[in-house]
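Undergrad: Attaching a single structure in structure tokens format; questions to follow.
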Amino acid sequence: MNEKGFERARSVPQVDIDGALYFYTSDAFSQMNNGASAEEHNRKQIDWIRRYHACGIKVDTAYVMTAFGC
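Residue numbers 12 to 81, in the working numbering, belong to the letters of the sequence shown in order.
Quick look at the structure:
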């Protein structure tokens, strides 16, 4: 979910938002999915932590994303 999707989801009371972080180990995979290097995307997770905390959402999950053969 991007920032715009997050704000839209917050405006719908029936939507439950999980505080999840996503980290990439492969630049090629991250570039294909996010248009950013793994390092750039991983740094953005700090903003998501701040965003979640500001909204009272507990960060309780982290995913390490990778792909083989990229």
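Virtual Cβ for every residue (Gly too), placed ideally from N, Cα, C.
Check this for me: beta carbons of Val70 and Phe34, under 8 angstroms apart or not?
TA: Here the question's residue 70 lines up with position 59 in the sequence shown. Here the question's residue 34 lines up with position 23 in the sequence shown. No, the pair does not count as a contact, with Cβ atoms beyond the cut-off.
Undergrad: Ends of the beta strand (DSSP E) at Phe79?
TA: The residue you call residue 79 lines up with position 68 of the sequence shown. No beta strand (DSSP E) contains Phe79, which DSSP labels as neither H nor E.
Undergrad: Which one or two residues does DSSP pair with Gly30 in a beta bridge?
TA: Here the question's residue 30 lines up with position 19 in the sequence shown. Paired residues: Val70.
Undergrad: Going straight from the alpha carbon of Asn45 to that of Glu51, what length do you get?
TA: If you number the sequence shown from 1, residue 45 lands on position 34. If you number the sequence shown from 1, residue 51 lands on position 40. Looking at the two C-alpha atoms, the distance is approximately 10 angstroms.
Undergrad: Rank Glu14, Ile60, Phe17 by C-alpha distance to the C-alpha of Ala73 and give the top, closest one.
TA: Residue mapping note: residue 73 aligns to position 62 of the sequence shown, counting from 1. The candidate whose alpha carbon is nearest that of Ala73 is Ile60.
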